[in-house]
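Numbering (full-length UniProt numbering), first residue to last: 1 to 606. No residue lacks a Cβ here, since even glycine has one placed at the ideal position from N, Cα and C.
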Ligand code: GCU
């Protein structure tokens with residue numbers, strides 16, 4: 001526990017110590033601290049929190065968190081920073097969207113709220129869970145530093161057993177969204193740097209022995225006849241865990257846990273999940289007094305040569321890329337926004353979405369499970385990451401493991417992607433091969449991918465990483481950043497990939513309405529023509545097994561400042577109002593209709 005220092009004692013140290021933040025950047029809150037949440041009751045801590053931007057990190061320098069008097073009235077010294085009076089903001093939110101003065105704010109911001117707790121039950125444990133905090137988050141409770149999380153889009157838990165006093169407590173989060181070279185993503189991206197506590201926060205209680213992790217899947221051996229269940233229990237031995245899947249007549253006891261882990265194979269022949277038949281099964285797991293539940297679909301995704309197969313049948317991924325971005329809410333993604341997104345994807349004729357460029361809200365994969373969409377999920381190893389920096393690898397790998405542990409019971413998720421448009425260096429190859437291997441070690445059931453590079457000199461798909469991933473993602477912008485469509489056709493002829501290729505991005509800006517030019521670059525017509533020519537070229541390449549053009553909606557980004565863009569990337573098939581469809585929307589929808597019809601004819605003929 002940090003010594004409660006008085007301001008005067010701290011004053012000079014606070015002015016002269018530029019390593020003030022080192023004790024708080026521990027990254028101690030990470031994938032290993034995650035608690036499985038399915039079916040758990042929790043107390044929401046959403047709502048108004050006190051808020052204060054703190055550009056110079058005065059809060060950390062002067063350790064104001066350690067000087068919280070019982071009540072504000074008890075203060076005996078002047079203060080610069082105010083954790084619990086003044087402005088409030090709603091959690092979840094991004095501060096950029098709340099006040100003009102915070103739009104481009106980049107730095108530390110403090111969130112503080114009172115937390116009234118009942119006396120603790122000695123047989124229980126208590127945790128806080130943050131759905132996401134962009135980018136790094138330091139947690140303090142009643143002045144004590146509890147830990148730090150890195151990564152803007154993955155959840156983390158903080159155990160607070162024995163730390164909540166009966167009655168009034170003060171919970172503080174210092175959230176810092178500064179872009180730096182060594183972070184993941186680093187300081188240069190093509191999406192808006194939204195900061196803040198922008199997903200749900202809750203408090204929950206568990207027994208002493210807690211089911212920390214639970215993974216259930218169909219063994220991908222092509223027989224569709226065995227489920228594999230794995231459970232991790234943290235705490236004193238609570239005896240064997242049990243799993244129940246009533247609709248399959250399963251009620252089985254795990255073997256005794258070894259080091260808290262147990263696994264078993266269970267014979268079963270479930271109805272298979274697919275976009276056409278999104279079958280989900282209610283599952284519950286108990287161990288001692290703990291009980292969790294989930295709704296799980298069973299399917300097998302695999303590749304054979306250049307084919308992608310779902311449940312043994314070849315598949316073409318009719319997709320679209322999406323960001324988490326909203327003209328009003330920023331990166332906050334609610335149920336309504338998600339249902340609108342999936343409805344538009346359905347109208348487009350999609351069976352697949354690329355959730356770019358970071359882990360989206362966990363609701364997205366749950367909804368995709370229910371509605372029947374396949375998903376590519378990814379971590380923001382984007383552009384020029386510090387591939388030779390071990391701390392950067394630790395950050396990237398932790399975000400990947402948090403994503404996989406969060407979503408690996410989601411049938412809709414079929415691809416984990418470990419990067420986007422990264423330079424082909426030795427350091428990058430080693431870094432991303434490690435991430436691809438981590439995917440396989442945590443989850444033997446899904447495909448791995450990355451948005452790879454084209455060898456433009458040879459006009460060929462050529463990226464050393466391709467040998468270490470299952471599906472080659474290809475971002476190509478012929479007609480926009482690259483002029484000559486003939487080169488795209490040449491790439492097709494010159495490339496002989498031994499595994500499936502999906503066009504993970506292609507597209508063009510089209511500014512709709514009077515803000516856009518009548519013709520030429522940034523016009524809606526030019527964008528439509530790029531889509532026509534892309535489709536005409538790509539449909540001839542038989543090793544292309546899917547595409548997720550860039551992007552469903554126009555989205556906010558700082559770098560796009562010409563007179564047509566006005567701080568937005570306009571490659572959306574739909575404008576930022578998430579209503580107005582552009583001509584290219586209908587062109588792509590027509591192509592997907594033809595693909596789906598062709599697949600239907602093939603089914604009828606077989
Ligand atoms: C890149 C990148 C996207 C970006 C897009 C564009 O390929 O992956 O994040 O928004 O191109 O330039 O619009």
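In this structure, what does DSSP give as the bridge partners for residue i?
i: residue 140; result: 145, 172
i: residue 447; result: 415
i: residue 90; result: 48
i: residue 116; result: 168
i: residue 58; result: DSSP lists no partner for residue 58.
i: residue 503; result: 474, 547
i: residue 290; result: 287
i: residue 157; result: 129
i: residue 234; result: 210
Would you check if the distance between the CB atom of residue i and the CB atom of residue j is smaller than 7 angstroms?
i: residue 417; j: residue 365; result: no
i: residue 376; j: residue 354; result: yes
i: residue 45; j: residue 202; result: yes
i: residue 597; j: residue 348; result: no
i: residue 234; j: residue 219; result: no
i: residue 273; j: residue 174; result: no
i: residue 608; j: residue 537; result: Summary: the structure shown does not reach residue 608, with the chain confined to residues 1 through 606, and so no result is reported for it.
i: residue 449; j: residue 469; result: yes
i: residue 125; j: residue 206; result: yes
i: residue 571; j: residue 550; result: yes
i: residue 301; j: residue 474; result: no
i: residue 181; j: residue 386; result: yes
i: residue 198; j: residue 332; result: yes
i: residue 36; j: residue 251; result: no
i: residue 322; j: residue 299; result: no
i: residue 157; j: residue 34; result: yes
i: residue 68; j: residue 162; result: no
i: residue 423; j: residue 461; result: no
i: residue 297; j: residue 279; result: yes
Could you work out which residue in the options is closest to residue i when comparing CA atoms only?
i: residue 476; options: 526, 420, 232, 523; result: 420
i: residue 140; options: 155, 24, 373, 90; result: 24
i: residue 241; options: 302, 292, 329; result: 292
i: residue 400; options: 427, 433, 66, 426; result: 433
i: residue 295; options: 217, 236, 463; result: 217
i: residue 511; options: 560, 259, 248, 260; result: 560
i: residue 255; options: 239, 249, 248; result: 239
i: residue 50; options: 562, 21, 329, 81; result: 81
i: residue 39; options: 284, 456, 143; result: 284
i: residue 359; options: 74, 415, 84, 145; result: 415
i: residue 127; options: 155, 228, 422; result: 155
i: residue 368; options: 382, 352, 287; result: 352
i: residue 379; options: 430, 249, 395, 506; result: 395
i: residue 265; options: 456, 229, 276; result: 229
i: residue 52; options: 42, 28, 101; result: 101
i: residue 204; options: 120, 389, 384, 87; result: 120
i: residue 558; options: 179, 27, 113; result: 179
When we look at the beta-carbon of residue i and count the other beta-carbons within 10 Å, is it buried (16 or more) or exposed?
i: residue 617; result: Given that the chain is displayed from residue 1 to residue 606, the structure contains no residue 617 and the question cannot be resolved.
i: residue 491; result: buried
i: residue 605; result: exposed
i: residue 481; result: exposed
i: residue 312; result: exposed
i: residue 601; result: exposed
i: residue 410; result: buried
i: residue 55; result: exposed
i: residue 629; result: The structure shown does not extend to residue 629, since the chain spans only 1 to 606, so no value can be given for it.
i: residue 186; result: buried
i: residue 176; result: buried
i: residue 336; result: exposed
i: residue 545; result: buried
i: residue 12; result: exposed
i: residue 171; result: buried
i: residue 576; result: buried
i: residue 499; result: buried
i: residue 225; result: exposed
Using a Cβ-based criterion (distance less than 6 angstroms to any ligand heavy atom), does residue i qualify as near the ligand COA?
i: residue 566; result: For the ligand COA, the structure offers nothing, since it holds only the ligand GCU.
For a cutoff of 7 angstroms on Cβ pairs, would you count residue i as touching chain D?
i: residue 76; result: Of the protein chains in the structure, only one exists, and it is not chain D.
Could you name each continuous alpha helix (DSSP H) segment of 4 residues or more that falls completely within the region 185–225, going from the start of the chain to the end?
-> none
Report task. Within the region 243–286, note down every full beta strand (DSSP E) run reaching 3 residues or more, in order along the chain. Result -> 250–253, 261–267
Handout entry: Whole runs of the beta strand (DSSP E) within the region 303–327, excluding any shorter than 3 residues
Key = 307–310, 317–322
- In chain order, which beta strand (DSSP E) runs of at least 3 residues are fully inside the region 429–496? 447–452, 471–475
| query | Mind pulling the alpha helix (DSSP H) runs of 4 or more residues that sit fully within the region 538–579? | reply | none
Enumerated in chain order, which unbroken segments of the alpha helix (DSSP H) with a length of 4 residues or greater are wholly contained in the region 354–380?
362–371
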